[in-house]
Each structure stands twice: as structure tokens, then as C-alpha cells.
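Presented below is the structure to which this report refers.
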Amino acid sequence: MSPEPSSAVPTIPYGASVPDNVDVDAIVADLKAQSVHGPAEQVPALKQVVADAKADGHDIKIVVLTSKQPKFTYYRDVALTVQPKTGGTVIVLGPDSVGSSGPEFARVVQEEAAQNLTLSDPPGAARQMVDQLTAPHMNWSVITIVLTLAVLLAAVAARFLSKRKAGAHAGAAADEQGVVSPDSADGDTVAADDGDASVTAGGPGEKASTDD
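For the sequence shown, counting from 1, position 20 maps to 68 in the working numbering; every step adds exactly one.
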């Protein structure tokens with residue numbers, strides 16, 4: 049029998065869990081109203097980060113949690129819980145970690161963008177992360193496809209050259225046999241003819257000698 053979910057950390061969509069001290073409803077309401085949730089003194093700077101991202105065509109939502117969470121994974125759990133209700137890319141910043149969720153950026157890009165942020169300055173950290181998210185990135189899917197095609201083409205080319213080389217060797221061997229065989233046959237014929245001629249010539253010669 050499976051254990052009952054903890055009331056302090058209720059189970060929520062995607063298997064994520066959020067501590068009881070995080071008010072998801074309040075976060076969702078703020079994000080829908082102004083795209084940011086955090087301490088009042090940080091809101092203007094956070095809104096500026098969101099506005100700059102929007103000007104570049106990116107829908108960013110930013111959440112700042114002032115309390116350190118029991119597990120660093122809870123920051124991403126909050127993002128996973130909030131994002132389906134608000135849309136966009138949700139970034140959740142805390143005193144010791146960060147989490148994010150959204151369909152615009154690949155997971156690997158989000159994880160890389162979350163590295164080495166100055167979390168003691170949430171608005172600054174938010175700008176750092178957004179800048180890294182929206183910076184040009186290598187499209188690994190395209191690169192993988194190109195490399196795979198290159199390997200396949202190389203294999204096909206190698207196979208073709210191998211068959212062509214084998215065919216050339218077989219042709220050379222056949223040509224060699226075709227030249228030697230007729231020569232040998234001609235030689236035998238000539239030798240035989242010469243022999244016959246000698247016998248024929250010698251016969252009358254001997255008779256003539258006897259008659260004499």
C-alpha cells in the first residue's frame with residue numbers, strides 16, 4: 049500500500065511538489081496581472097526585465113521566493129506548477145537556487161542559463177538568465193541530423209568505391225586470361241604446323257636420296 053501524500057508537500061501536476069509555505073494561487077494571480085511576483089521593492093526592476101524580453105518577442109514570467117526551500121528541486125516544481133496556468137516561460141528565483149519551465153526554450157538551454165547566477169540580486173539574476181536564454185544557441189538537433197547524414201554518405205561512398213575497385217581487379221584478371229590463352233593456342237598450332245611441314249618435306253627428300 050503506497051504512503052499517503054504529505055499535506056505539507058502536496059503532489060501536483062507533472063509529479064512536482066510544492067511546500068506549503070509557497071502560495072501558488074497568489075503567484076499565479078500576480079503573474080497574470082503583471083508577469084512578476086516578488087518583494088515590492090524588486091517588482092519595478094523585475095518588470096523591466098520582462099518588458100525588455102517582450103520587446104524581443106519572448107514571454108517571460110518571473111517569480112522571486114524570499115524563503116530558502118527545503119529542496120533545490122522545489123524551485124523548478126513551483127515553475128512546473130505555475131506555468132500551465134500562466135503560459136510563457138516561468139523563472140523561479142530563490143536565495144540558493146533557481147528553476148524554470150516553459151515550451152519556448154529547450155530544457156538543456158534552461159539548465160545552462162540557470163548556471164552561475166547572482167542570486168543575492170534577484171532582478172540582476174533574472175536579467176542574467178533571460179539574456180542567456182535568448183542568446184543564440186547551437187541547434188543540436190540539426191547538428192545531429194547533419195552528422196548522421198554525413199556518416200551514412202561516407203559509408204555509401206566507401207561501399208561504392210570498394211565494389212568498383214573489386215570490379216576493376218576482376219576485369220583486369222579476366223583480360224589477362226583472355227590474352228594468354230589465345231597466344232598459347234596459336235603457339236601450339238604453329239608448332240604443330242611446323243612439325244608437319246618438316247615431316248612432309250623430309251619424306252620426299254629421303255625418297256629422292258634412295259632413288260639416287
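No residue lacks a Cβ here, since even glycine has one placed at the ideal position from N, Cα and C.
Please determine if the stretch 165 to 178 and the stretch 208 to 223 are in contact, where contact requires at least 3 C-beta pairs separated by less than 8 Å. no
Name the DSSP beta bridge partners of threonine 137, please? Ile108
Could you have a look at valine 156 and say whether DSSP puts it in helix, strand or coil? helix
Residue span of the beta strand (DSSP E) that contains glycine 172, given as start and end: Where glycine 172 is concerned, there is no enclosing beta strand (DSSP E), although the alpha helix (DSSP H) it sits in stretches over 170 to 182.
Have a look at alanine 183 and valine 157 and give me their C-alpha separation to the nearest angstrom. 10 Å
To the nearest angstrom, how far is the alpha carbon of methionine 177 from that of aspartate 78? 20 Å
Boundaries (first-last residue) of the alpha helix (DSSP H) holding valine 97: 91 to 103
According to DSSP, is glycine 147 part of a helix, a strand, or is it coil? strand
Going straight from the alpha carbon of valine 199 to that of lysine 213, what length do you get? 21 Å
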